[in-house]
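Here is the structure we will look at.
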Amino acid sequence: MFGTVSDEREVSVPASEAWKLYGSLQLSKFVAEKLPGMASKIDIVQGDGGVGTIIEIFYAPAPGTERLKSYKEKFTVVDDEKRVKVAEVVEGGYLDLGFTMYRVRFEVIEKDGSENQCITRATIEYEVNEEAAANAAAIVSIQPLVTLLQTAADYLQKNYNNNK
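Numbering (this note's numbering), first residue to last: 134 to 297.
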């Protein structure tokens, strides 16, 4: 079974400013610092933020996650021109729950007619084996990424406007 979920936010900063956060390892540092409920720690296993970079994300303690300690994801696309970053889980996490593929895509899109506004979009794509398909809807949630998009939008707008 294949599925996809997505959400987006309009942000009152230039796309180039938003991409500085989304297109680099700064996003991992941002999550660890600003959203500790999402991840207790994020380690860079290898790489500098480009294609091939692997990070390990440690789950924040929460009911039901006791057996899930961490997962590793690999950056498979980092396109500075199109402002697209794709990370795929390569070890642990969703793969331990019956998923055969779990991928997160971030896009920063220039808003037509406005150089000081953009859209940030997060998309989850997944494939799950038949035995786990019934649980997929309960397991896959865009909500953590919605929180990330909104927190990042607030942060970007505040810091961009203060630094103008």
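Just so you know, even glycine gets a beta-carbon here, dropped at the ideal spot from N, CA and C.
Sub-7 Å separation of residue i and residue j beta-carbons
| i | j | result |
| --- | --- | --- |
| residue 226 | residue 204 | yes |
| residue 157 | residue 175 | no |
| residue 253 | residue 167 | no |
| residue 217 | residue 243 | no |
| residue 165 | residue 289 | no |
| residue 134 | residue 266 | yes |
Identified DSSP bridge partners for residue i
| i | result |
| --- | --- |
| residue 317 | With the chain covering only 134 through 297, there is no way to say anything about residue 317. |
| residue 206 | 188, 222 |
| residue 255 | 140, 239 |
| residue 179 | 187 |
| residue 260 | 135, 234 |
| residue 217 | 212, 240 |
| residue 174 | 191 |
For residue i, the nearest candidate out of the options (CA to CA)
| i | options | result |
| --- | --- | --- |
| residue 172 | 283, 178, 193, 184 | 193 |
| residue 214 | 149, 235, 233, 288 | 149 |
| residue 183 | 288, 165, 207, 166 | 207 |
| residue 264 | 284, 252, 228, 254 | 228 |
| residue 137 | 261, 244, 282 | 261 |
| residue 245 | 139, 257, 145, 234 | 145 |
| residue 236 | 210, 191, 248, 251 | 210 |
| residue 188 | 251, 170, 219 | 219 |
| residue 272 | 282, 281, 286, 257 | 257 |
| residue 248 | 135, 143, 274 | 143 |
| residue 202 | 185, 224, 159, 292 | 224 |
| residue 186 | 222, 163, 280 | 222 |
| residue 251 | 169, 282, 178, 177 | 282 |
| residue 275 | 293, 238, 292, 287 | 238 |
| residue 268 | 291, 231, 212 | 231 |
Contact belief for residue i with residue j at Cβ below 8 Å, rounded distance in angstroms
| i | j | result |
| --- | --- | --- |
| residue 181 | residue 255 | Rounded, the Cβ-Cβ distance is 23 Å, inconsistent with contact. |
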